[in-house]
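Everything on this sheet refers to the single structure shown next.
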Amino acid sequence: MLKEAIINLKKIISNKDVSFLVLMFSVFLLPLSINLSTFTFILSSVLKFVQVLANRNKLFETKALKNSAIIGGIFFSYIIISSVLQTNVINTLSLFEKDYMHFALFFITPMLLRSKKENKLLIYMFFVGAFFALAYVFLFSIINGTTFDKYAFVNLLDIHHTYLSMYLLAFVNFAIVSIITRKQTIDKHLKIILIVLIAVCLGTMFILGSKVSMLIFILLFIAHSLPELSRKNAAIYIVTLIILLSIMQIFNNQINVSYKKALDFRLQVWEVSFDIFENNPIFGNLILSEKDILNYKHYINGKYYFLDSDLNSHNQYLSILMRFGLFGFFILFAYAINIFRSISKKTNKKDLRESIGFFIIIFSVCYIENILDRHHGIVYLTFFYNYYLVEIENA
Numbered sequence: 001m002l003k004e005a006i007i008n009l010k011k012i013i014s015n016k017d018v019s020f021l022v023l024m025f026s027v028f029l030l031p032l033s034i035n036l037s038t039f040t041f042i043l044s045s046v047l048k049f050v051q052v053l054a055n056r057n058k059l060f061e062t063k064a065l066k067n068s069a070i071i072g073g074i075f076f077s078y079i080i081i082s083s084v085l086q087t088n089v090i091n092t093l094s095l096f097e098k099d100y101m102h103f104a105l106f107f108i109t110p111m112l113l114r115s116k117k118e119n120k121l122l123i124y125m126f127f128v129g130a131f132f133a134l135a136y137v138f139l140f141s142i143i144n145g146t147t148f149d150k151y152a153f154v155n156l157l158d159i160h161h162t163y164l165s166m167y168l169l170a171f172v173n174f175a176i177v178s179i180i181t182r183k184q185t186i187d188k189h190l191k192i193i194l195i196v197l198i199a200v201c202l203g204t205m206f207i208l209g210s211k212v213s214m215l216i217f218i219l220l221f222i223a224h225s226l227p228e229l230s231r232k233n234a235a236i237y238i239v240t241l242i243i244l245l246s247i248m249q250i251f252n253n254q255i256n257v258s259y260k261k262a263l264d265f266r267l268q269v270w271e272v273s274f275d276i277f278e279n280n281p282i283f284g285n286l287i288l289s290e291k292d293i294l295n296y297k298h299y300i301n302g303k304y305y306f307l308d309s310d311l312n313s314h315n316q317y318l319s320i321l322m323r324f325g326l327f328g329f330f331i332l333f334a335y336a337i338n339i340f341r342s343i344s345k346k347t348n349k350k351d352l353r354e355s356i357g358f359f360i361i362i363f364s365v366c367y368i369e370n371i372l373d374r375h376h377g378i379v380y381l382t383f384f385y386n387y388y389l390v391e392i393e394n395a
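Numbering-wise, this note's numbering puts 4 at position 4 of the sequence shown, and it's gapless, one number per residue.
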């Protein structure tokens, strides 16, 4: 794994692919600094266009990446046109930077990725960045005598625990698949390291108090274990599952938070979001920002305790339907079609299982969070979607 990474890195350097090197640094910085990660991402994009024009490099490495960018371009164009038609050019420009500009990543990110082997460098750098963030906050907490919890990450790195947990789950997914699918060939020392790091991820999510992440962890274990289940290993998998369920029970007792209360809160917000969607189900509502529309609806309904709370819909599916309507939702559904079309006889089973794990993470988190509203979320989604797109295409 390390030798292959070094060989690919030397290849990138020898080809003077500066754009990709900067992108590696950008994904490393994603868990550590929003500002630096954003700056390096923009720089990588600019350098990519320079390399295409100056060196006649390919704009897209694979056909699937090109299709991904086309879908993203259509969606971005639809948003701008819909906003102009629903309001006017001036209002669209006033909302562009905060509400629309980040959706450009849907068609920019596919341009920045390379071949399957080279993209491995990106995912390794991302994982290193995530664990570096853990180590930094942990050491800072010990040195300064502060509590190592979700607030420490917000104060030091400005990252919400849901996004940090998503990053750790991406590694857990990668590590579990690597251990299970390569159980006969994987190096023993590497296996031990991966298991220890999985335990670190689980412990961190336990401390962060991320309910959905703990559930996803168990889902990933079940999803990846079931295909490997046999009489010989059934006992090991069952014992591991019992241990995980016991940890989950301890977790529930420790956080002492009512799931029903948390769900009731979200259901009230979801109800308002769905009402807004029903007002214009085809093309959505882009007259105001999502939070302003929700606050107005809360005010009309007399739910004043929701006002000025800076809340979104807390459900990415409802958010898309509410803002962009069924038309926008169906455009985004083309991403799923693009994935299925990329599956072929060349597709490696390990890569396919790993990508399924990623979609389990995304689909679950999108149920309780608007991940496209933040840099931490939309970069993660566009990067990993296109990463696994190339993996599945086996390009």
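Where is the CB? At the ideal position from N, CA and C, for every residue including glycine. Keep in mind it's a predicted model, so treat the numbers as computed, not measured.
message = Contact between the segment 369 to 385 and the segment 183 to 198 is defined here as three or more beta-carbon pairs at a separation below 8 Å; is this criterion met?
response = no
*asked:* Please report the straight-line C-alpha distance between A133 and M166, rounded to a whole angstrom.
replied: Their backbone Cα atoms lie some 14 Å apart in a straight line.
Report task. Have a look at D17 and Q51 and give me their C-alpha separation to the nearest angstrom. Result -> 8 Å
Worksheet entry | 8 Å Cβ cutoff met for L321 and F277 | yes
_4 or more residues per run - each alpha helix (DSSP H) lying fully within the segment 76 to 143_ = 89 to 95, 105 to 112
In terms of residue numbering, what span does the alpha helix (DSSP H) encompassing G377 cover? Note, G377: alpha helix (DSSP H), 375 to 393.
Does the contact criterion of 3 or more C-beta pairs under 8 Å hold for the segment 316 to 330 versus the segment 269 to 289? yes
Next item on the list: Taking F103 and I79 to be in contact with their CB atoms under 8 Å, please state how far apart those CB atoms are, rounded to whole angstroms.
Entry: The C-beta distance from F103 to I79 rounds to 6 Å, short enough to fall under 8 Å.
Cα-Cα separation, S213 to S33: 22 Å
> Is the distance from the Cβ of L113 to the Cβ of L65 below 8 Å?
Replying inline: yes
>> Quick check: L352 and I392, are their CB atoms within less than 8 Å of each other?
In response: Judged by their CB atoms, L352 and I392 are nearer to each other than the 8 Å cut-off.
According to DSSP, simplified to helix, strand and coil, what is G209? coil
* Sequence-distant residues of its chain with Cβ nearer than 6 Å to F127 (five each side left out) -> F171
Exercise. By how many angstroms is the C-alpha of L9 removed from the C-alpha of L197?
Worked result: One C-alpha to the other measures close to 24 Å.
| How should D158 be labelled, buried or exposed, when 16 other C-beta atoms within 10 angstroms of its C-beta is the threshold for buried? | exposed
Next on the checklist: Please list the terminal residues of the continuous alpha helix (DSSP H) segment that includes D351.
Outcome noted: Here the alpha helix (DSSP H) through D351 covers 349 to 366.
Requested in this report: Return the residue from the list P110, A135, K350 that minimises the CA-CA distance to C201.
Outcome: Nearest option by C-alpha distance: A135.
Original post:
Can you tell which of C366, S342, I368, N370 has the C-alpha that lies nearest to the C-alpha of N386?
Top reply: Here the closest residue by C-alpha is S342.
| query | What did DSSP end up calling H160 once you bin it into helix, strand or coil? | reply | Judged by DSSP in its simplified three-state form, H160 adopts coil rather than helix or strand.
**Prompt:** With distances taken between CB atoms, is the gap from N315 to Y367 smaller than 8 Å?
**Reply:** yes
Whole angstroms is fine: what's the gap from I300's alpha carbon to E290's? 16 Å
TODO: Could you check what DSSP says for M1 in three-state terms: helix, strand or coil?
DONE: coil
Span of the alpha helix (DSSP H), counted from its first residue to its last, around K48
34 to 55
Using C-beta distances below 7 Å, list every residue in its chain close to A130, excluding the 5 sequence neighbours before and after it, in chain order. P31, Y167, L168, F171
How about N386: is its C-beta nearer than 8 Å to some C-beta of chain D? Here there is only one protein chain, and chain D is not present.
Can you tell me where the alpha helix (DSSP H) holding R231 begins and where it ends?
That residue, R231, is in no alpha helix (DSSP H); it is neither H nor E in DSSP.
For this session: Report yes if the CB atom of Y237 is closer than 8 Å to the CB atom of L244, and no otherwise.
Result: no
Using the rule of at least 16 other Cβ atoms within 10 Å of the residue's Cβ for burial, across every protein chain shown, is F76 buried or exposed?
buried
Tell me the residue span of the alpha helix (DSSP H) that contains F25.
18 to 29
**Item:** Assigned secondary structure, H189 (DSSP; H/G/I helix, E/B strand, else coil)
**Value:** When DSSP states are grouped into helix, strand and coil, H189 belongs to the helix group.
Cβ pair S210, T147 closer than 8 Å
no
On the three-state DSSP scale, how would you describe H314? coil
query: Whole-angstrom Cβ separation of K120 and A199, contact assumed at under 8 Å?
result: The distance from the Cβ of K120 to that of A199 is about 24 Å, inconsistent with a contact at the 8 Å cut-off.
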